[in-house]
Amino acid sequence: MMAVTSTTAMAIAGMDLEWVFVMGNNSFLDCDLMIAQDIILVKLIIMRYNIGASYNYGGNAMTNQDIETFFAVLDHGTMTAAAEALFITQPSLSARLRALEDEVGAPLFHRGKGLRRITLTDAGQHFLPLARRWQNLLAETQTFAAAEKREFLHVIAAYTANQYILPPVYQRFLERELPVNLWVESMRTDQAVSAVARGDADMAIVDGALHYDLQIEAKPLFREGFFLVVPKTVALMPPVEATTLHVQDEILIYGQPEILQWHDYWFGVDARPLLYADTPQLAETLPACGKRWSIIPAGATEPYLRMFSNVQVLHLAHPPAERTFYLVTPKGRALSAAAETLLDDLRTQIQHVEGITWY
2 MMAVTSTTAM AIAGMDLEWV FVMGNNSFLD CDLMIAQDII LVKLIIMRYN IGASYNYGGN
62 AMTNQDIETF FAVLDHGTMT AAAEALFITQ PSLSARLRAL EDEVGAPLFH RGKGLRRITL
122 TDAGQHFLPL ARRWQNLLAE TQTFAAAEKR EFLHVIAAYT ANQYILPPVY QRFLERELPV
182 NLWVESMRTD QAVSAVARGD ADMAIVDGAL HYDLQIEAKP LFREGFFLVV PKTVALMPPV
242 EATTLHVQDE ILIYGQPEIL QWHDYWFGVD ARPLLYADTP QLAETLPACG KRWSIIPAGA
302 TEPYLRMFSN VQVLHLAHPP AERTFYLVTP KGRALSAAAE TLLDDLRTQI QHVEGITWY
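Its first residue numbered 2, the sequence shown is counted upward by one per residue in this note's numbering.
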């Protein structure tokens, strides 16, 4: 059970009484009742009901067993049925119930000969919402404790990798239902490297030039080629020569250095394409028609073919230089088992993508 100081206690107010639930083994002045299992019920004001003006039992511990006993009797209506539900004897149940009522300071149930069903006293009616709050708080703390045991895997990747290559990998990873919360972000290479160096991310999958940093380790992960995408109505024979393409029909993804260098080499730095786009995602907004064409990363070819039924993906005779993706991790820190699993899923995924090669 986690520990939380009294300054972070959750105040619960209602029905003319005010209580504070606090997690931890803290000590409080003027506390009248302590609840075991690291949950302390601190009485802030005298209750205005007939449960007792104060508790003077030296901080007796009320346990989950007490609350379990209370609801067993309430739900089943008889001592016999409640004892059977708890798998204890009726004398043991009676002893538990007496102990609880001693701690509360008032009888909680009407019981005696001639009563076919046990019912709540006025004090029991007033104790009921408090017991339900106990149950809810316990459920919340158990949920929180379970969440605390879950691992976070923070992955940063290049925009195009997160857009085209990694989504199936993330999906496969989540389908494993591991006790891991996956946190994914897209960043430029310099931003991603800085985040890993600061310890803000477990790993980054980035392309492009890496700046020198003593706090990181980097290794080549895979390399990716480029293809030509063009309407099916354009008659071209692969591998396509750049000289057969017209720059006035080009959708230039200038944000990718390899594509820009290819464009400048074949058409010149002053040549103006039909459209400048800094990412392949922006080029997607213009369905291929007429003679429009574009050079796109290998990882984007399958999504393009799914989106546009009238396009074809062709090999180039002289494509742009392949780009290399790197795995960046904090220096001296081994990858977690979850991170290794995600990388294994990535390796499996790209084996089926033409134009991408794992190192």
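A virtual CB, placed ideally from N, CA and C, is assigned to each residue, including glycine.
(message) Going by the DSSP bridge assignment, what does leucine 328 pair with across the sheet?
(response) Ile206 and Lys220
(request) Report buried or exposed for tyrosine 327, applying the criterion of at least 16 other Cβ atoms within 10 angstroms of its Cβ. (result) buried
(message) Suppose you measure from the CA of histidine 155 to the CA of valine 185; what does that come to, to the nearest Å?
(response) 6 angstroms
(message) Using only CA atoms, which one of Thr244, Phe110, Val354 and Thr280 lies nearest to proline 258?
(response) Thr280
(request) Could you check if threonine 120 is buried or exposed, using at least 16 other CB atoms within 10 Å of its CB as the buried criterion? (result) exposed
(message) Output needed for glutamate 303: all residues of its chain with C-beta closer than 6 angstroms, excluding positions within five of it in sequence on either side, in chain order.
(response) none
(request) Answer with buried or exposed for alanine 322, where buried requires no fewer than 16 other C-beta atoms within 10 angstroms of its C-beta. (result) exposed
(request) Would you grab the beta carbon distance between isoleucine 296 and isoleucine 260 for me? Rounded to a whole angstrom, and I think it's under 8 angstroms. (result) 5 angstroms
(message) Using a 10 Å radius around the Cβ and a threshold of 16 neighbouring Cβ atoms, would you call phenylalanine 71 buried or exposed?
(response) buried
(request) Give every residue of the same chain whose Cβ lies closer than 6 angstroms to the Cβ of leucine 344, excluding the five residues on either side of it in the sequence, and list them in chain order. (result) none
(message) Can you confirm whether the region 208-224 touches the region 171-182 when touching is taken to mean that 3 or more C-beta pairs between the two stretches lie within less than 8 angstroms?
(response) no
(message) Output needed for alanine 83: all residues of its chain with C-beta closer than 7 angstroms, excluding positions within five of it in sequence on either side, in chain order.
(response) Ala73, Val74, His77 and Leu94
(request) Specify the secondary structure class of arginine 348 as computed by DSSP and reduced to three states. (result) helix
(message) Taking 9 angstroms as the threshold (C-beta atoms), are isoleucine 157 and glutamine 192 in contact?
(response) yes
(request) Could you pull the start and end residues of the alpha helix (DSSP H) that glutamate 69 belongs to? (result) 65-77
(message) Restricting to Cα atoms, I'd like to know which of Thr81, Thr64 and Ala100 is closest to glutamine 91.
(response) Thr81
(message) For a test of the three-state rule: what should DSSP assign to glutamate 85, helix, strand or coil?
(response) helix
(request) Please report the Cβ distance between valine 231 and leucine 237, rounded to the nearest whole angstrom; I am assuming they are in contact, meaning their Cβ atoms lie under 8 angstroms. (result) 6 angstroms
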